[in-house]
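Undergrad: Sharing a structure, written as C-alpha cells. Questions coming.
2 protein chains.
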Amino acid sequence: MSQRRRGARAGAPSTIGIVGGGQLGRMMALAGYPLGLDFLFLDRSGDTPAAQVATSLVGEFTDPAMLAELARRSGVISFDWENISVPALRKATRGSAVRVSPPLRALAAAQDRLSEKRLFDRLRIPTTHYAAVNSRAALHRALRDIGLPGVLKTRRMGYDGKGQAVIRTAADADAAWQAMGAVPLLYEGFIPFDYEVSCIAARGRDGELAFYPLSRNVHHAGILRVTAAPWHDVALERAARRHLRALLTALDYVGVLAVEFFVRGGRLVANEMAPRVHNSGHWTIEGAATSQFENHVRAVAGLPLGATTPRGHAGMVNLIGAVPEKSPLLALPDVHLHDYGKEPRPGRKVGHVTVVCASSKERDQQLHRLLKSLYPELSGLL
Amino acid sequence: MSQRRRGARAGAPSTIGIVGGGQLGRMMALAGYPLGLDFLFLDRSGDTPAAQVATSLVGEFTDPAMLAELARRSGVISFDWENISVPALRKATRGSAVRVSPPLRALAAAQDRLSEKRLFDRLRIPTTHYAAVNSRAALHRALRDIGLPGVLKTRRMGYDGKGQAVIRTAADADAAWQAMGAVPLLYEGFIPFDYEVSCIAARGRDGELAFYPLSRNVHHAGILRVTAAPWHDVALERAARRHLRALLTALDYVGVLAVEFFVRGGRLVANEMAPRVHNSGHWTIEGAATSQFENHVRAVAGLPLGATTPRGHAGMVNLIGAVPEKSPLLALPDVHLHDYGKEPRPGRKVGHVTVVCASSKERDQQLHRLLKSLYPELSGLL
Numbered sequence: 038m039s040q041r042r043r044g045a046r047a048g049a050p051s052t053i054g055i056v057g058g059g060q061l062g063r064m065m066a067l068a069g070y071p072l073g074l075d076f077l078f079l080d081r082s083g084d085t086p087a088a089q090v091a092t093s094l095v096g097e098f099t100d101p102a103m104l105a106e107l108a109r110r111s112g113v114i115s116f117d118w119e120n121i122s123v124p125a126l127r128k129a130t131r132g133s134a135v136r137v138s139p140p141l142r143a144l145a146a147a148q149d150r151l152s153e154k155r156l157f158d159r160l161r162i163p164t165t166h167y168a169a170v171n172s173r174a175a176l177h178r179a180l181r182d183i184g185l186p187g188v189l190k191t192r193r194m195g196y197d198g199k200g201q202a203v204i205r206t207a208a209d210a211d212a213a214w215q216a217m218g219a220v221p222l223l224y225e226g227f228i229p230f231d232y233e234v235s236c237i238a239a240r241g242r243d244g245e246l247a248f249y250p251l252s253r254n255v256h257h258a259g260i261l262r263v264t265a266a267p268w269h270d271v272a273l274e275r276a277a278r279r280h281l282r283a284l285l286t287a288l289d290y291v292g293v294l295a296v297e298f299f300v301r302g303g304r305l306v307a308n309e310m311a312p313r314v315h316n317s318g319h320w321t322i323e324g325a326a327t328s329q330f331e332n333h334v335r336a337v338a339g340l341p342l343g344a345t346t347p348r349g350h351a352g353m354v355n356l357i358g359a360v361p362e363k364s365p366l367l368a369l370p371d372v373h374l375h376d377y378g379k380e381p382r383p384g385r386k387v388g389h390v391t392v393v394c395a396s397s398k399e400r401d402q403q404l405h406r407l408l409k410s411l412y413p414e415l416s417g418l419l
Numbered sequence: 038m039s040q041r042r043r044g045a046r047a048g049a050p051s052t053i054g055i056v057g058g059g060q061l062g063r064m065m066a067l068a069g070y071p072l073g074l075d076f077l078f079l080d081r082s083g084d085t086p087a088a089q090v091a092t093s094l095v096g097e098f099t100d101p102a103m104l105a106e107l108a109r110r111s112g113v114i115s116f117d118w119e120n121i122s123v124p125a126l127r128k129a130t131r132g133s134a135v136r137v138s139p140p141l142r143a144l145a146a147a148q149d150r151l152s153e154k155r156l157f158d159r160l161r162i163p164t165t166h167y168a169a170v171n172s173r174a175a176l177h178r179a180l181r182d183i184g185l186p187g188v189l190k191t192r193r194m195g196y197d198g199k200g201q202a203v204i205r206t207a208a209d210a211d212a213a214w215q216a217m218g219a220v221p222l223l224y225e226g227f228i229p230f231d232y233e234v235s236c237i238a239a240r241g242r243d244g245e246l247a248f249y250p251l252s253r254n255v256h257h258a259g260i261l262r263v264t265a266a267p268w269h270d271v272a273l274e275r276a277a278r279r280h281l282r283a284l285l286t287a288l289d290y291v292g293v294l295a296v297e298f299f300v301r302g303g304r305l306v307a308n309e310m311a312p313r314v315h316n317s318g319h320w321t322i323e324g325a326a327t328s329q330f331e332n333h334v335r336a337v338a339g340l341p342l343g344a345t346t347p348r349g350h351a352g353m354v355n356l357i358g359a360v361p362e363k364s365p366l367l368a369l370p371d372v373h374l375h376d377y378g379k380e381p382r383p384g385r386k387v388g389h390v391t392v393v394c395a396s397s398k399e400r401d402q403q404l405h406r407l408l409k410s411l412y413p414e415l416s417g418l419l
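Residue numbers (the working numbering), protein chains in the order written: chain H, 38 to 419; chain E, 38 to 419.
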C-alpha cells in the first residue's frame with residue numbers, strides 16, 4: 038500500500054520556501070495553492086499549522102544545512118515570523134540564485150526595536166519617545182528624560198506582549214532591570230492613546246504598491262483580540278499610507294508589510310512594524326477582493342498584486358486558548374472560521390473568526406454578539 | 038535531515054476521506070482546512086491536484102484493501118467524481134462506523150443515465166425524452182418513437198461530453214451503434230434549448246437546505262467553458278429549487294448536489310445531475326458568502342451550512358489545455374486564478390479564472406474581455 042504527497046518540486050521557481058510554519062505560513066500556502074504555487078516550510082516542530090497542509094522540513098531555524106536545503110529547493114524564501122536569524126539566512130542564501138523576500142534589511146530593522154525606531158525617525162514617521170537601555174544608569178537617564186509611566190522592552194525577540202514590563206515607579210524600574218537587564222533594552226514613554234489602528238500594504242517585485250484600508254484593532258494583555266475594517270478616516274489613512282510608502286520604498290521591500298499605530302488626538306504615532314502578513318489583516322481573507330496572504334505570495338513570487346478593495350464591513354475575533362465548539366459558531370450568520378490546527382494552550386492564538394456584513398453598524402452588532410458569547414470579559418473593549 | 042507532513046490523524050472524526058483526487062477534491066481540502074478538517078484522498082495517481090495539498094493513498098478505486106484503509110482512517114467518506122464503484126465502496130464501509138456522504142443511492146442514481154431519468158420522472162422533474170438502448174432493434178425503435186436528431190449516450194461513465202454521439206441520420210445511428218453498442222446505452226431526443234442553467238444546493242446531515250442562485254452556463258464541444266452567476270430569473274429559480282428539494286429529500290442527501298437544466302421557452306428541462314460539487318459552482322469561491330466546497334465539507338462533516346448569498350456578480354471561465362501565462366492574467370482587475378497543478382493536455386480542464394464585479398453589466402464586459410484574450414473562438418458564445 039503506497040501513500041504519498043507529491044510535495045514541492047526540487048528547486049522549482051514556483052516553490053516558496055518559508056521559514057516558520059505557524060498559522061501565517063499555513064494561510065500563505067492556502068492562498069498560494071490556487072495560484073499554482075508550491076510551498077516548503079522549515080520549522081522546529083513537524084506538527085505545525087503549516088505542516089498539516091504542506092511539506093515541512095523539521096530543524097532549527099539557524100541550522101545551516103537545513104537552510105541550505107530550503108534554499109536549494111525553493112525559487113524564493115520568505116518567512117512567517119521575524120524572530121529568525123538574519124546572519125544564518127544571509128549565509129545560507131549567499132551566492133545562490135534564491136531570493137529572500139521581504140528583504141533581509143527589513144527583517145533586521147524589525148527585529149531590533151532600536152533600529153526600527155531609528156528607521157521611523159529617519160523617514161519622519163512619528164513614533165514614541167524612546168531610549169536605548171544597556172545599563173542601570175542608562176535606564177535611570179531614560180526615566181528622567183522621557184518620564185513615567187513607560188514600557189521597558191527587550192530590543193529583540195518580543196511578540197504578543199512578551200518581553201515587556203510597564204514601569205510606573207522607580208521601584209518598577211529596578212525590578213524590571215533585575216528581570217530583563219541581561220539583554221539590550223529599549224525604554225519607551227507610555228502613550229495615552231485614543232485607539233489603535235494598523236495599515237497593511239504590499240509591494241511587488243517591480244515596485245507596484247497596494248494598500249489595504251485601515252483596520253481598527255483592540256488589544257488586551259498585549260494580544261490582539263479584535264479587528265474591524267475598513268476603519269474610515271480619510272486623514273489618518275492618507276498619513277498611514279504615506280508612512281508605509283516611505284518604509285516600502287526605503288527598504289526596497291517585496292511582500293506584505295504591516296505597521297501598528299496609536300491614534301492620539303487625531304494623529305498617528307507608529308508603534309511597531311511587522312515585515313510580514315499580520316494578524317490585523319486576517320479579515321482580508323473574506324473581507325477584501327484579494328487577501329493579504331495572496332498578495333504576499335503574489336509579491337514574493339514576482340506576480341502582479343491583486344485588488345485590495347474591501348468587500349463589505351469585516352470584523353475579526355481571535356480565538357485564544359482553544360477553538361470553541363464549532364457547530365454553534367458556524368450556525369451564526371456571516372461567520373467564517375479559521376482553525377489553525379493547534380493544540381489548545383492558555384493564551385495561545387489557535388484560530389480566528391471573521392464576520393462580513395453589509396454595513397459597519399451590522400458588523401459592530403455581530404462583533405458584540407460574538408464577543409458576548411465567546412469572551413464576555415472583552416465585551417466592554419469595543 | 039528529517040522531513041514530514043503530519044497528515045491525517047488515523048480514524049479522526051475530523052478526517053474526510055475522499056475517493057478521487059482531482060481539482061474538485063483539491064478545492065474541497067482547501068475549503069475544509071480553515072474549518073480544522075483533515076483530508077485523505079484515494080486516487081490511481083500520486084500526482085493528482087489533491088495530492089499536492091493533502092495526503093493521498095495511491096491505488097485503484099475498487100481496491101478493497103485501499104478502500105478499507107480509507108474507511109479506517111476517516112470519519113466520513115466522500116468523493117470528487119461519480120465514476121467510482123458503488124459495490125466496492127458499499128462493501129468496504131459495511132459494518133464500519135464510517136459514513137458515506139453523499140449517500141451511495143445518490144451516487145448509484147447519477148452513475149446510470151437511465152436510473153437518473155427514471156428518478157427525474159418519479160419526482161416529476163421535466164427531462165428530455167429518452168429510451169434505453171440495448172440492441173440495434175431498440176435503437177431503431179427509439180429513433181422512431183423519439184425522432185431525430187438525438188444523442189446516443191453510454192448509460193455509465195460519461196463526463197465532459199465523453200461517451201456521446203449526436204445522431205442526425207439513420208446512418209449516424211448505425212455508426213454510433215458500431216462504436217458504442219457493446220455497452221448499455223440511452224437515446225435522448227435533442228432539445229433545441231435557448232440556453233443552459235444549473236442549480237446547486239447543499240443539504241446538511243440534519244436536513245438543513247441551502248440553495249445557491251442559478252448559474253447560466255455555456256458549453257462548447259461538451260465541455261463547460263463559461264458560467265455567469267447569479268442568473269436572475271425568479272420563476273426559473275423557484276422551479277429549479279423545487280426540483281432540487283425533491284431530489285435532496287428523496288435521496289436523504291448529505292452534501293452538495295448540482296443539476297444542469299436546459300431552458301426552453303422559459304421552462305426547465307433537466308439534463309443531468311451530479312452528486313458532488315460542480316464546475317458551474319466554482320464561482321462561489323469568490324462570488325458567494327460560503328463556497329460550494331465549504332458547504333459540501335460542512336455538510337459531510339455534520340456542521341451547519343453557511344450562507345449562500347452572492348457577493349457581487351461573478352463570471353467563471355474554464356482554462357482548457359494549459360494555464361496561460363499568469364502575470365498578464367493576474368494583472369487584470371477583479372481576476373482570481375485557480376490553477377489545479379495539472380500537466381497541460383489538449384482538452385483538459387487545468388484551471389479556471391473568476392471575475393467578481395459590482396454589476397452584471399460590468400461582469401459581462403469582463404467576461405468578454407477575458408474570452409477575447411484567452412479563447413477568441415468562444416467570444417461569440419456569450
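Backbone N, C-alpha and C fix where the C-beta goes; we use that ideal spot for every residue, glycine too.
Are there three or more Cβ pairs, one per stretch, closer than 8 Å when the region 291-298 of chain E is compared with the region 308-319 of chain E?
TA: Counting Cβ pairs under 8 Å, three or more are found: they touch.
Undergrad: Residues of chain E with a CB under 8 Å from the CB of residue 371 of chain H: which are they?
TA: The contacting residues are 326 and 344.
Undergrad: Going straight from the alpha carbon of residue 404 of chain E to that of residue 353 of chain E, what length do you get?
TA: Distance between the alpha carbons of residue 404 of chain E and residue 353 of chain E: 8 Å.
Undergrad: Please classify residue 129 of chain H as buried or exposed, where buried requires at least 16 neighbouring CB atoms within 10 angstroms.
TA: Buried.
Undergrad: If you reduce the DSSP assignment to three classes, tell me which class residue 40 of chain E lands in.
TA: At residue 40 of chain E the pLDDT is 44, less than 50, meaning the model places this residue with poor confidence; the figure from the coordinates comes in the next sentence. In this structure, residue 40 of chain E counts as strand in the three-state DSSP scheme.
Undergrad: Strictly below 7 Å CB to CB, what residues from chain E border residue 70 of chain H?
TA: Under the 7 Å cutoff, chain E gives 67 and 90.
Undergrad: Locate the beta strand (DSSP E) running through residue 260 of chain E, then write down its first and last residues.
TA: Unbroken beta strand (DSSP E) run through residue 260 of chain E: 260-266.
Undergrad: What are the boundary residues of the beta strand (DSSP E) that includes residue 233 of chain E?
TA: Note, residue 233 of chain E: beta strand (DSSP E), 232-240.
Undergrad: Name, going along the chain, the residues of the region 308-324 of chain H whose beta-carbon falls closer than 7 Å to a beta-carbon of chain E.
TA: Result list empty, no residue passes.
Undergrad: Name the residue from H:168, H:362, H:360 and H:386 whose alpha carbon lies nearest to the alpha carbon of residue 316 of chain H.
TA: The option with the nearest alpha carbon to residue 316 of chain H is H:386.
Undergrad: Going along the chain, which unbroken runs of the alpha helix (DSSP H) with 4 or more residues stay wholly within the region 130-211 of chain E?
TA: The qualifying runs are 141-148, 150-159 and 173-183.
Undergrad: How many angstroms separate the CA atom of residue 68 of chain H from the CA atom of residue 232 of chain E?
TA: One C-alpha to the other measures close to 34 Å.
Undergrad: Spell out whether any CB of chain E is found under 8 Å from the CB atom of residue 265 of chain H.
TA: Cβ-Cβ to chain E under 8 Å: no for residue 265 of chain H.
Undergrad: Taking C-beta to C-beta, are residue 55 of chain H and residue 115 of chain H nearer than 8 Å?
TA: Yes, Cβ-Cβ distance for residue 55 of chain H and residue 115 of chain H is below 8 Å.
Undergrad: Sort E:337, E:389, E:244 and E:141 by Cα distance to residue 361 of chain E and report the nearest one.
TA: Minimum Cα distance to residue 361 of chain E is reached at E:389.
Undergrad: Exposed or buried, which one is residue 421 of chain E when buried takes at least 16 other CB atoms within 10 Å?
TA: A query on residue 421 of chain E cannot be resolved here, the shown segment of chain E reaching from 38 to 419 and no further.
Undergrad: Name the residues in the region 351-384 of chain E whose C-beta lies less than 7 Å from a C-beta of chain B; which are they?
TA: This model lacks chain B altogether, as its protein chains are H and E.
Undergrad: Could you work out which residue in H:103, H:87 and H:256 is closest to residue 416 of chain H when comparing CA atoms only?
TA: For residue 416 of chain H, the nearest C-alpha among the options comes from H:256.
Undergrad: What's the gap between the Cα of residue 92 of chain H and the Cα of residue 338 of chain H?
TA: Whole-angstrom Cα-Cα distance: 18 Å.
Undergrad: Look up residue 356 of chain H in the DSSP assignment and say whether it is helix, strand or coil.
TA: Strand at residue 356 of chain H.
Undergrad: Taking the CB atoms as reference points, tell me whether residue 74 of chain E and residue 334 of chain E lie closer together than 8 Å.
TA: Going by C-beta atoms, residue 74 of chain E is nearer than 8 Å to residue 334 of chain E.
Undergrad: Tell me whether the beta-carbon of residue 359 of chain H lies closer than 8 Å to the beta-carbon of residue 381 of chain H.
TA: Yes. Within cutoff.
Undergrad: In chain order, what residues of the same chain lie with their CB nearer than 6 Å to the CB of residue 131 of chain E, ignoring the 5 residues before and after it?
TA: So the list is empty, once near-sequence residues are dropped.
Undergrad: For residue 180 of chain E, would you say it is in contact with chain H, using Cβ-to-Cβ distances shorter than 8 Å as the test?
TA: Residue 180 of chain E does not count as touching chain H.
Undergrad: Going by Cα to Cα distance, which pick from E:258, E:262, E:119 and E:271 is closest to residue 251 of chain E?
TA: Here the closest residue by C-alpha is E:271.
Undergrad: Just to make sure I have the definition right: I need the residues of chain E whose C-beta is within less than 8 Å of the C-beta of residue 101 of chain H. Which are they?
TA: Ordered by position in chain E, no residue passes the 8 Å Cβ test against residue 101 of chain H, which lies about 12 Å from the chain.
Undergrad: Short check: CB of residue 119 of chain H to CB of residue 144 of chain H, under 8 Å?
TA: Going by C-beta atoms, residue 119 of chain H is nearer than 8 Å to residue 144 of chain H.
Undergrad: Using the three-state DSSP reduction, which class does residue 395 of chain E fall into: helix, strand or coil?
TA: The answer is coil: DSSP assigns residue 395 of chain E none of H, G, I, E or B.
Undergrad: For residue 180 of chain H and residue 224 of chain H, what's the separation of their Cα atoms in angstroms?
TA: Approximately 8 Å, taken between the alpha carbons.
Undergrad: Is the region 176-194 of chain H close to the region 234-251 of chain H, with three or more CB pairs under 8 Å?
TA: The region 176-194 of chain H, when compared against the region 234-251 of chain H, does not touch it at the 8 Å Cβ threshold.
Undergrad: Based on DSSP bridge pairs, tell me the residues matched to residue 113 of chain E.
TA: Its beta-bridge partners are E:53 and E:136.
Undergrad: Hey, could you find the ends of the beta strand (DSSP E) residue 252 of chain E is sitting in?
TA: Unbroken beta strand (DSSP E) run through residue 252 of chain E: 252-257.
Undergrad: Can you tell me which of H:319, H:392 and H:154 puts its alpha carbon nearest to the alpha carbon of residue 249 of chain H?
TA: Nearest option by C-alpha distance: H:319.
Undergrad: In chain order, what residues of the same chain have a beta carbon less than 7 Å from the beta carbon of residue 226 of chain H, not counting five sequence neighbours either side?
TA: Closer than 7 Å at Cβ, skipping near neighbours: 165, 166, 183, 184 and 187.
Undergrad: Within 10 angstroms of the Cβ of residue 48 of chain E, are there 16 or more other Cβ atoms? Answer buried if so, exposed if not.
TA: Residue placement at residue 48 of chain E is flagged as unreliable, the pLDDT there being 47, under the threshold of 50; a coordinate-derived value is accordingly withheld.
Undergrad: Between the C-alpha atoms of residue 63 of chain H and residue 90 of chain E, what's the straight-line distance to the nearest angstrom?
TA: In a straight line, the C-alpha of residue 63 of chain H is about 11 Å away from that of residue 90 of chain E.
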